[in-house]
Amino acid sequence: MFGTDAVEPLWVADMDFAAPPAVQQALAARVAHPIYGYTVVPDSAPQALADWLARRHGWPVDPAHIRLVPGVVPTLYAAVAALTEPGQGVVVQPPVYPPLFDAVRRQGRVLLENPLRETATGVWQMDLDHLETLAAGGARLLLLCSPHNPVGRVWSRDELSQVLDIARRHGMAILSDEIHADLVYAPRHGAAADAPVHVPLGHLATPEDRVVTALAPSKTFNIPGFGLSATVTANDTLARPLHAVWARLPVSVADPLALAAFEAAYRHGEAWLDACLSVLRANRDALFAAIGAGGAQRVTGSPPEATYLAWLDCRGAGLDDAALMRAWVAAGLGLSAGPRFGTGGSGHMRLNFAIPPSRLAQCIRPIHRFNLG
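Numbered according to our numbering, the sequence shown terminates at residue 1681, and the numbering increases by one at each position without gaps.
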């Protein structure tokens, strides 16, 4: 990735923490059964996710509306294929997770950008007026990232309600990628009542709304290697074409180990997640305290409201993107380059702080050096 092994790899979006003990135990028990033949998805798997959504997010979901599918990125592609035709417009909101672009471009659809706007205080917001213009102009689908990767925003109930209203007025479908939904930093004691809380778009939607939610245990419980995720939709006019796309593909979600991990995580991983979020919050706060302590302020940014990804504004360094990457590598840190995330990404870097605190402390030294030039 970086032309040298002498970097701390802080780029790919998984955590350097062991998976929950309950997941490890469930996998060990399944491996102990020596037959690894063809498998079916048990009813208990979607029920486990439905119970989690009700308990963790206050979202009552009928398990019949949950379908297990092979990954959130494949779901992006499936949604574009199922809900649009070649030549039709699909909206993305950059800077954003790169596969959203690919799901549109590689399938002959028209990529319509609705760039996020950065406020004077460094907070990123949706440009809802421009989104309305795109929807009125014929956009058929919005790929929404909620919470947003890489800027770390947790969209408010009001923002999401306005997005839904725009979609309703213009018949636009929404695929809401909520893979980071469980990684939201709960407000500290005494915080403002409007502190960030993830609101599932599907919870705001009616059955008539054209909304599909994509979810997975992969980021939440650090098990992305299993590639198992789920979709939730109460709208049959969306569910049928989406399911038809999966039916045409020679793919299966009936991996006995992935199913064991999926169900164990959602049934027994909550205490582990709460402990993990405590570590992540401390890491986030330590990182941004170090950034704020830099004298020259070549790096700035706002602490993310969700995810374990920091979106760093490095424009104060006065370097082009290639030189910026070289400077970070020279400092000993391997980060994700901002331009990969599209419009608004130039001059930025994404840093994954989901590492043991002792290692983060080691990374803060080169951040100080970079900040001072």
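Note that the Cβ used here is the ideal one computed from N, Cα and C, for glycine as well.
Legend entry - Buried versus exposed call for Gln1401 [16 or more other C-beta atoms within 10 Å across all chains shown]: The residue you call residue 1401 lines up with position 93 of the sequence shown. Here Gln1401 is buried: its Cβ has 16 or more other Cβ atoms, across all protein chains shown, within 10 Å.
Legend entry - Per-residue burial, His1341 [other beta carbons within 10 Å of its own, 16 or more giving buried]: Within the sequence shown, residue 1341 is the residue found at index 33, counting from 1. Classification of His1341: exposed, given that the 10 Å Cβ count is below 16.
Legend entry - Met1480 versus Val1462: straight-line alpha-carbon distance, rounded: On the sequence shown, residue 1480 is found 172 positions in, with the first residue counted as 1. On the sequence shown, residue 1462 is found 154 positions in, with the first residue counted as 1. Straight-line Cα distance between these residues: approximately 22 Å.
Inset, instruction - Indicate the three-state DSSP secondary structure (helix, strand or coil) for Ala1389 in the structure shown. - result: Counting from 1 along the sequence shown, the entry for residue 1389 is found at position 81. Of the three classes helix, strand and coil, the one that applies to Ala1389 here is helix, per DSSP.
Inset, instruction - Answer with buried or exposed for Ser1446, where buried requires no fewer than 16 other C-beta atoms within 10 angstroms of its C-beta. - result: As a first step, residue 1446 is located in the sequence shown; it is residue number 138 there, counting from the start. First, the amino acid is wrong: residue 1446 is Gly here, not Ser. When all chains shown are included, Gly1446 counts as exposed.
Inset, instruction - With DSSP as the reference, please indicate the residues paired to Pro1317 in a beta bridge. - result: Mapped onto the sequence shown, residue 1317 falls at position 9. Answer is Gly1642.
Inset, instruction - Pick out whichever of Val1559, Met1323, Glu1316 has its Cα sitting closest to the Cα of Gly1533. - result: Counted from its first residue, the sequence shown places residue 1533 at position 225. If we check each option's Cα against that of Gly1533, Met1323 comes out closest.
Legend entry - Through-space distance from Ala1327 to Asp1582, alpha-carbon basis: Start at 1 with the first residue of the sequence shown, and residue 1582 comes out as number 274. Start at 1 with the first residue of the sequence shown, and residue 1327 comes out as number 19. Each residue's alpha carbon lies about 13 Å from the other.
Inset, instruction - Report buried or exposed for Val1520, applying the criterion of at least 16 other Cβ atoms within 10 angstroms of its Cβ. - result: Residue mapping note: residue 1520 aligns to position 212 of the sequence shown, counting from 1. With 16 or more Cβ atoms within 10 Å of its Cβ, Val1520 is classed as buried.
Inset, instruction - Can you tell me which of the three DSSP states His1656 falls into? - result: In the sequence shown, the residue the question calls residue 1656 occupies position 348. It is a strand residue.
Inset, instruction - With DSSP collapsed to three states, give me the class of Gly1510. - result: Your numbering for residue 1510 matches position 202 in the sequence shown. The three-state secondary structure of Gly1510, taken from DSSP, is helix.
Inset, instruction - Can you tell me which of Asp1437, Ala1428, Pro1423, Glu1393 puts its alpha carbon nearest to the alpha carbon of Val1449? - result: Within the sequence shown, numbered from 1, the residue matching residue 1449 stands at position 141. The amino acid occupying residue 1449 in the given sequence is Leu; Val does not appear at that position. The shortest C-alpha separation from Leu1449 is found at Glu1393.
Inset, instruction - From the DSSP output, in three-state form, read off Gly1397 for me. - result: On the sequence shown, position 89 is the one that residue 1397 refers to. Note: Gly1397 maps to strand in three-state DSSP.
Legend entry - the stretch 1544-1552 / the stretch 1313-1322 touching (three or more Cβ pairs under 8 Å): no
Legend entry - Complete runs of the alpha helix (DSSP H) confined to the stretch 1327-1397 [at least 4 residues]: For the stretch 1327-1397, whole alpha helix (DSSP H) runs of length 4 or above, ordered along the chain, are 1329-1340, 1352-1365, 1380-1391.
Inset, instruction - Determine the DSSP secondary structure at Ala1614, reduced to helix, strand or coil. - result: Translated into positions along the sequence shown, residue 1614 becomes position 306. In this structure, Ala1614 counts as strand in the three-state DSSP scheme.
Inset, instruction - Spatial neighbours of Pro1647 within its chain, please: CB distance less than 8 Å, with the 5 preceding and 5 following residues excluded, ordered by chain position. - result: Translated into the one-based positions of the sequence shown, residue 1647 becomes position 339. Hits under 8 Å: Asp1629, Gly1653, Ser1654.
Legend entry - Close-in-space but distant-in-sequence residues of the same chain around Arg1496 (CB under 6 Å, 5 per side omitted): Locating residue 1496 in the sequence shown gives position 188, counting from the first residue. For Arg1496, the predicted model reports a pLDDT of 48, less than 50, meaning its position is unreliable; a value from the coordinates is still stated below. Within the same chain, Arg1496 has no close Cβ partners at all.
Legend entry - Beta-carbon proximity check, Trp1619 vs Pro1458, cutoff 8 Å: The residue you call residue 1619 lines up with position 311 of the sequence shown. The residue you call residue 1458 lines up with position 150 of the sequence shown. A contact, by the Cβ cut-off of 8 Å.
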